[in-house]
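Step one of this worksheet: look at the structure below.
There are 4 protein chains.
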Amino acid sequence: MARLWDKGSPLDERVLRYTAGEDHQLDARLVPYDVAGSKAHASMLAAQGLISPDDAAAIGNGLDQLATGHARGEWSISLADEDVHTALESRLTALIGAAGGRLHLGRSRNDQVLTALRLYLKDACVALAGEAGAVTLALQRMITRQGSIALPGYTHLQQAMPSSVALWAEGYAEEIRDDAAGIEAAVRRLDRNPLGSAAGFGVPALPLDRSHTQRTLGFASIHAPVTAVQLSRGKAEAELTFQMLLLLNDLGRLASDLLLFYTREFSYVRLPESMTTGSSIMPQKRNPDVLELVRSAGAVAQGALNEIIAITAKLNAGYHRDLQRIKAPLFRTIDLTLESTAIVAQTLDGVEFIADNIVLDDGLYAAERANALVVKEGIPFREAYRRVAAEMKSEDE
Amino acid sequence: MARLWDKGSPLDERVLRYTAGEDHQLDARLVPYDVAGSKAHASMLAAQGLISPDDAAAIGNGLDQLATGHARGEWSISLADEDVHTALESRLTALIGAAGGRLHLGRSRNDQVLTALRLYLKDACVALAGEAGAVTLALQRMITRQGSIALPGYTHLQQAMPSSVALWAEGYAEEIRDDAAGIEAAVRRLDRNPLGSAAGFGVPALPLDRSHTQRTLGFASIHAPVTAVQLSRGKAEAELTFQMLLLLNDLGRLASDLLLFYTREFSYVRLPESMTTGSSIMPQKRNPDVLELVRSAGAVAQGALNEIIAITAKLNAGYHRDLQRIKAPLFRTIDLTLESTAIVAQTLDGVEFIADNIVLDDGLYAAERANALVVKEGIPFREAYRRVAAEMKSEDE
Amino acid sequence: MARLWDKGSPLDERVLRYTAGEDHQLDARLVPYDVAGSKAHASMLAAQGLISPDDAAAIGNGLDQLATGHARGEWSISLADEDVHTALESRLTALIGAAGGRLHLGRSRNDQVLTALRLYLKDACVALAGEAGAVTLALQRMITRQGSIALPGYTHLQQAMPSSVALWAEGYAEEIRDDAAGIEAAVRRLDRNPLGSAAGFGVPALPLDRSHTQRTLGFASIHAPVTAVQLSRGKAEAELTFQMLLLLNDLGRLASDLLLFYTREFSYVRLPESMTTGSSIMPQKRNPDVLELVRSAGAVAQGALNEIIAITAKLNAGYHRDLQRIKAPLFRTIDLTLESTAIVAQTLDGVEFIADNIVLDDGLYAAERANALVVKEGIPFREAYRRVAAEMKSEDE
Amino acid sequence: MARLWDKGSPLDERVLRYTAGEDHQLDARLVPYDVAGSKAHASMLAAQGLISPDDAAAIGNGLDQLATGHARGEWSISLADEDVHTALESRLTALIGAAGGRLHLGRSRNDQVLTALRLYLKDACVALAGEAGAVTLALQRMITRQGSIALPGYTHLQQAMPSSVALWAEGYAEEIRDDAAGIEAAVRRLDRNPLGSAAGFGVPALPLDRSHTQRTLGFASIHAPVTAVQLSRGKAEAELTFQMLLLLNDLGRLASDLLLFYTREFSYVRLPESMTTGSSIMPQKRNPDVLELVRSAGAVAQGALNEIIAITAKLNAGYHRDLQRIKAPLFRTIDLTLESTAIVAQTLDGVEFIADNIVLDDGLYAAERANALVVKEGIPFREAYRRVAAEMKSEDE
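Residue numbers (the numbering used here), protein chains in the order written: chain A, 356 to 752; chain B, 356 to 752; chain C, 356 to 752; chain D, 356 to 752.
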């Protein structure tokens, strides 16, 4: 059995592995954000006269150096570091000496962690909305190329009304724009400065200035009262995951449509060869694996959303270590959403509708003709429809 | 076995029961909204010259009469009616004759259903945010009554810092305000006029005016293109359910805290007798059933959210009967949220913190004293903390 | 807003409505099971000399009378009754006097409730497995009627290998048999006598005989120790819901296949008219509503499973009122599963595959021909496949 | 943004990364199982005269060599390999030449993948049940050490009846044994030989012997018909995940109890120092991080279960690439369950109940005394209870 609890290793190591989990891997992306948070805190401490300007400068320079080194791959967070915060703290003290220790005045692990996370998530929202936008642009390009091709409009998977590639694509584009708006709106919950709430009960007897760090870090407001900060854990994370789920499920439905259109029986579309894979048994067959993986991406987000919701449910107020588990499903979903939107945009550029294969039932035009009759003759719709149906029947014969 | 598929009943009735489901019960609340939607549609048809002003007036009067009769309990939707829309349609035609049939020109069941639903949900959002507000007001009253009572601030369920009833209650109040803001923001997805999209592909050859119904019904915008309307099904519903879930989970955590404080071992609070139930075995014992049911209300919403998400996932574009299943979990969650917020507000008014029983560890003040020393003497926090700890130890002795 | 917390009604009534919830409706099905549980308890008390034989007989007769009356519709559980247990208890005492009160010696509400529930669920498992079996029989009838019709075997929704109606139907039949086996296996968790565990800590100082009630009620074993009984709440319920979810999802996939086959583009099947509904706009169109509702039935079960899981998660040991919330999602899923299996069986009997419309790609036979060549000439598969492909190409020309 | 879709890299690489996902990391554990499956297939081919005995021997030796090398860390699966199956196939051909290619006669990627997965999962079930057993043994040791210490029995978190450490621990032990039985029962769905079903439609024209591979690999039966094999994907995986969820939630409730007992206000237990972590702000405070992470482990499983269920829901019959997504949540949950059970067992050995701090309300003995009176004097329970309550009240004074 792989990765079993290794009974040979010392207890401390096993506990470390259980408590630190995957943090050392997950946290790589947080390095620049924890650096930004710490620099803002140091600058505030100096402005309030709680550390010297020299210490603040040394801290700032040291952190910048560490961020650059990390970006260059000169160091990475190890399991022994536990997480990004300890990794930076210990390296900073090694680099600049005692001043490194002064950084932690008036700050707790709890507000520090949340500051870095929120700064990262705000950037992630921008990136996610941008990638969603790229999908809508690809849909627009499809409309430019092939929008005028007629397509049946389906209800109950049955041909129901005349539609077109443009109408089909624009429907998805509109909903994906709506998903992007949902992701952008999720920023509301993230845009509040947690610094200064410390462990969740503020910092007694120290003249901290929460608006200083708020302005420096670009948060829209201060998260207050201090007791609300830890209570809010998981909510912004769940909201962002929920909004990504809606986006992924729209992409999944788009994929479902293309997979249906790609069946031999429909044969409405060709897919780009780069987005299909060969079959070992039937070399002439091309399988639409990419779209199938897009269809199921929403399942990952649905799982992640439940995971996040279940982590905080029923917990008493205040910080608990349980909250650490939020990061893995959240980051997993962000990465998957970024990758899925990008590959969908790429795929759409290669989709080709085959006009010759798309046949609309004559019956689809009956409603239109009946409506015209209603307008022209002022008769009720049902009567008009009966006449049109009779006419169409005789035209057939 | 109760409610088994009744093998004795005729096939049609069994199919009706399976397809109509609980709609005839669920739809009672939609009567006024379907009436409003239909009146707006009739008024638009008249304005466009598609029906006569007399017909429009007859339709409007007839519908008003039906709405009033329904509100008075003079009729209700039966299983045979299938749902609110058929119930009103057949009664309207019985009441005003042929003009009733003209109402359906240029409208499909699909956009009609969604119009009534969105109008109802917009009202529900206002009601929900209002009830959430009532909880925050109850918390404010608690703060006025007992805010100054000291309370330990917990992290990891361990006493960590000094806090107070005010800080505890204000943390929840802030998060519940945030939940109400989330519910209000969910209106964004609802505030788009679906009328005129018909079955999802518009109404060819009829000069409908979607902005007329939009203005009449008070929608912020027209939902376009027409293909987006059915694609969007489930998304606003999921979002509202998600926002209710966040609210219910905050109430659940509040309940968890009170249930903990109510244990004999904590004994921090008394609960109002009306919100507890007696035990048959131990007459002197009062059980906090109401708060336990509040704690688990979020579970209902989490289930409902999954139900709604799973209904639309992977569906091809266009209307499918699957969408009908969205209503039950959505209405269930709305009702539960309204009832839970109301009962929490009521309960909070009777909660009494018992100051004498609340004991804070001396150690909780160590951080504050150490911070003061840092400010006064300019020494590092850790050194200050060590001195304070030593002093406190000797004070103990 | 419908069903708002009615601010006009007295507090007690509102609390009752919140705490009793839907129990008075849900519990109708539990009447015979609570009667059975109570009779067994009375019989045991008498056997142990704790009540007189006369009292036991009076209790038994009284309960039988109440059960008969309930089955005949002479009385039903009202909101004021709260639930089935109080409803029976108060009616029994009214009927037989003081002896009714002696029934509760050595029994708590907690073990009483669970006894009735488990007895009902055991019956439900039998009914559910039976209905699943009915679906497999319908599939067998389909095979008898049309099993030999060729059908493409799909992978990635692409035609891949030759298959047949028989192979398609038998695949589903096998998996549904497997689902039925899963439901039957769920009985394991239900088949343990909870009576005698009382509130979860046993009955001190009374010589109860748990094996007496176990034998009388037909439980396979006694649930021990007493503290395990309440800890187990939600687990059997979740397991049964999970097994129903697997069954419903298999039915949903079967429905997905039929819905695909029913598209105009495939046109592989005709559906029975009784299982489709007409379209108001296009009278010649028949919509497959029943199958769409079957496809989405699994969503209801997935929601219910999450609801049940979330209710008990993280609760401390011992009974909590939260557990009451388990009943609604559980009963909802049982009813839906019974109805869905029954309607699927009925639908399958009317499905007709249209052999003329089902066209298999020639390429589907390439693997078979290549395999034959491998056997005949001992050459590697890939070489054989290349030769076959070349031959097939020249046959085409 | 970390791990963004890297726009600089060539398209093929991006598609590979999207389609292969994490397989190259996840699959390391499958190496020995894919080797076993392939050896069994080769041996069957030879027995049926479809490949030569020499080829079969070369294949077997080659695969053994590769397995040994992998276990020694001499090679690992890279992204370019895509997954374990391609990794072994290409290395085998490199090692033994053309014979390596003959291994794939009569086998598809689809049945090969499932064979390795089921073999692994069968082993995982044994390991999981074993670790669950280790927790019950730790509980037994706790009972031996401290079982006789009195503990209040709680209902509604209120002291209700006398209990003991033994009764508390044995309740959990029983439920965890039940969870282990659930995991073992999940083997039923895994224990069917998929080899020979190929892509889901069997292997035409080749005389394969499915019972040969069944016996060699130790499967209880052959999975038939061939169309059932791919239809079953996700069901065994969901069942195992569900059973792990029940186990993790029981561990989570155990953790909840210990976390409650560990509060300063209860002070019922000491936790082993190795299982707590220090606080940077309050050095004397020890935080129960390990138990908090155990409490939230069930959330991960609940997420994973939803993920797996959502992947296969509504899919048409036959293989789809979506199924690949099942592996990640499944393996994640297995690893977490193994680690969580191991750390709980370890923690329990260090838990120490502090008898002096555990105070039971006198009222807890009232029921016992009343019961005794009922037996002795034959009076009704309620009368006995009233007398006892009155006596206890006067004893108090």
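C-beta: ideal position from N, C-alpha, C; glycine also.
Point to revise | Helix, strand or coil at Arg724(D) according to DSSP, with G and I counted as helix | key: In the three-state DSSP reduction, Arg724(D) falls in the helix class (H, G or I).
Point to revise | Residues that Tyr373(A) contacts on chain D, provided the C-beta gap is smaller than 7 Å | key: Close to Tyr373(A), with beta-carbon spacing below 7 Å, are these residues of chain D in chain order: Val645, Leu648, Glu694 and Ile698.
Review point. Which full runs of the beta strand (DSSP E) of 3+ residues lie inside the region 473 to 546 of chain B, going along the chain?
Key: Counting only runs of 3 or more, we get 505 to 510 and 513 to 519.
Check your understanding: Nearest chain C C-beta to Asn726(A) closer than 8 Å, yes or no?
Key -> Not closer than 8 Å to any Cβ of chain C, the Cβ of Asn726(A) fails to qualify, so no.
Review point. According to DSSP, is Ser576(C) helix, strand or coil?
Key: Here Ser576(C) sits in strand by DSSP.
Exercise for review: Using the Cα positions of Ile577(B) and His675(C), report the straight-line distance between them to the nearest angstrom.
Suggested key: Taking the CA atoms as reference points, Ile577(B) sits about 49 Å from His675(C).
Check your understanding: Can you name the residues that DSSP bridges to Phe736(C)?
Key -> Residue pairing by DSSP places Phe736(C) in no beta bridge whatsoever.
Exercise for review: Evaluate Glu429(B) with the Cβ neighbour count: other Cβ atoms within 10 Å of its Cβ, from every protein chain shown; 16 or more gives buried, anything less gives exposed.
Suggested key: Using a 10 angstroms sphere on the CB of Glu429(B), the tally of other CB atoms stays under 16, which defines it as exposed.
Exercise for review: Specify whether the region 563 to 570 of chain B and the region 489 to 497 of chain B touch according to this definition: at least 3 beta carbon pairs, one from each stretch, less than 8 Å apart.
Suggested key: With the rule of 3 Cβ pairs closer than 8 Å, the region 563 to 570 of chain B does not count as touching the region 489 to 497 of chain B.
Review point. Alpha carbon to alpha carbon, how far is Ile664(C) from Ile406(C)?
Key: Ile664(C) and Ile406(C) have their C-alpha atoms some 40 Å from each other.
Review point. Taking the alpha-carbon positions, what's the Gly404(D) to Pro549(D) distance?
Key: Taking the straight line joining both Cα atoms gives about 21 Å.
Review point. Enumerated in chain order, which unbroken segments of the alpha helix (DSSP H) with a length of 4 residues or greater are wholly contained in the region 576 to 605 of chain A?
Key: Contiguous alpha helix (DSSP H) elements confined to the region 576 to 605 of chain A occur at 581 to 586, taking only those with 4 or more residues.
Point to revise | Which listed residue (Asp409(D), His440(D), Lys640(D) and Leu646(D)) has its alpha carbon closest to that of Asp677(A) | key: Residue Leu646(D) is the option with its Cα nearest to Asp677(A).
Check your understanding: Taking only beta-carbon atoms, is Gln657(D) less than 8 Å away from chain C?
Key -> Using a Cβ-Cβ cut-off of 8 Å, Gln657(D) counts as an interface residue toward chain C, since at least one Cβ of chain C sits closer than that to its own.
Review point. Under a Cβ-count criterion, where at least 16 other Cβ atoms within 10 Å of its own Cβ denotes burial, should Asn671(B) be classed as buried or exposed?
Key: Buried.
Practice item. Please check if any C-beta of chain C sits within less than 8 Å of the C-beta of Arg608(A). Key: It does not: the Cβ of Arg608(A) has no partner Cβ on chain C nearer than 8 Å.
Exercise for review: For Asn671(A), return the contacting residues in chain B, with the cut-off set at a CB-CB distance below 8 Å.
Suggested key: Listed along chain B are Tyr509, Leu512, Arg608, Ser611, Asp612 and Leu615, each with a C-beta nearer than 8 Å to that of Asn671(A).
Point to revise | Ordered list of alpha helix (DSSP H) runs contained in the region 364 to 425 of chain B, each at least 4 residues | key: List check, alpha helix (DSSP H) in window: 366 to 375, 378 to 381 and 386 to 402.
Review point. Leu715(C) lies in the alpha helix (DSSP H); which residues open and close that run?
Key: Neither: Leu715(C) is in no alpha helix (DSSP H) and is coded neither H nor E.
Review point. Does the distance from the CB of Ala820(A) to the CB of Ile734(A) come in under 8 Å?
Key: This structure gives no information on residue 820(A), because the portion of chain A shown stretches from 356 to 752.
Check your understanding: Do the CB positions of Gly461(B) and Leu561(B) come within less than 8 Å of each other?
Key -> Going by C-beta atoms, Gly461(B) is nearer than 8 Å to Leu561(B).
Practice item. Name, in chain order, the residues that DSSP records as bridge partners for Glu707(A). Key: Beta-bridge partners of Glu707(A) (DSSP): Arg625(A).
**Study point:** Cross-chain neighbours of Phe621(A) in chain C, by beta carbon under 9 Å
**Key:** The contacting residues are Thr618, Glu620 and Phe621.
Point to revise | Counterpart residues of Gly633(D) in DSSP-defined beta bridges | key: Residue pairing by DSSP puts Gly633(D) in a beta bridge opposite Arg641(D).
**Study point:** Any chain D beta carbon closer than 8 Å to His590(B)
**Key:** It should be noted that the sequence gives Lys, not His, for residue 590(B). Answer no: the Cβ-Cβ gap between Lys590(B) and chain D never drops below 8 Å.
Point to revise | Pairwise C-alpha distance: Val649(D) and Asn712(D) | key: Looking at the two C-alpha atoms, the distance is approximately 25 Å.
Review point. Cβ of Ala745(B) less than 8 Å from any chain D Cβ?
Key: No, because no Cβ of chain D sits closer than 8 Å to the Cβ of Ala745(B).
Exercise for review: Evaluate Gly452(D) with the Cβ neighbour count: other Cβ atoms within 10 Å of its Cβ, from every protein chain shown; 16 or more gives buried, anything less gives exposed.
Suggested key: Exposed is the call here.
Check your understanding: Based on the DSSP output, what are the partners of Asn548(B) in its beta bridges?
Key -> Note: Asn548(B) sits in a beta bridge opposite Ile577(B).
Exercise for review: Can you pull the chain A residues whose beta carbon is under 7 Å from the beta carbon of His311(B), in chain order?
Suggested key: Residue 311(B) falls outside the range modelled here, since chain B spans only 356 to 752, and no answer is possible.
Check your understanding: Gln514(B) and Arg446(D) look like a contact to me (Cβ under 8 Å); what is the Cβ gap, rounded to whole Å?
Key -> That belief does not hold up - the Cβ atoms of Gln514(B) and Arg446(D) are roughly 59 Å apart, past 8 Å.
Practice item. Leaving aside the five residues before and after Leu601(B) along the sequence, list all residues of the same chain whose C-beta is less than 7 Å from its C-beta, in chain order. Key: Counting only Cβ-Cβ distances below 7 Å, and skipping sequence neighbours, we find Asp534 and Gly537.
Point to revise | Within chain B, the residues that Gly392(A) reaches when beta carbons sit closer than 8 Å | key: In chain B, no part has a C-beta under 8 Å from the C-beta of Gly392(A); the shortest such distance is about 18 Å.
**Study point:** At least three beta-carbon pairs within less than 8 Å, the region 598 to 616 of chain B to the region 694 to 706 of chain D
**Key:** Contact annotation: the region 598 to 616 of chain B does not touch the region 694 to 706 of chain D, with fewer than three C-beta pairs closer than 8 Å.
Point to revise | Beta-carbon proximity check, Thr491(D) vs Ala540(D), cutoff 8 Å | key: Cβ atoms of Thr491(D) and Ala540(D): not closer than 8 Å.
Review point. Can you tell me the Cα-Cα spacing of Trp360(A) and Pro507(A), whole angstroms?
Key: A caution first: Trp360(A) carries a pLDDT of 43, below 50, which makes its placement in the model unreliable, though a value can still be read off. Rounded to the nearest angstrom, the gap between the Cα atoms of Trp360(A) and Pro507(A) is 57 Å.
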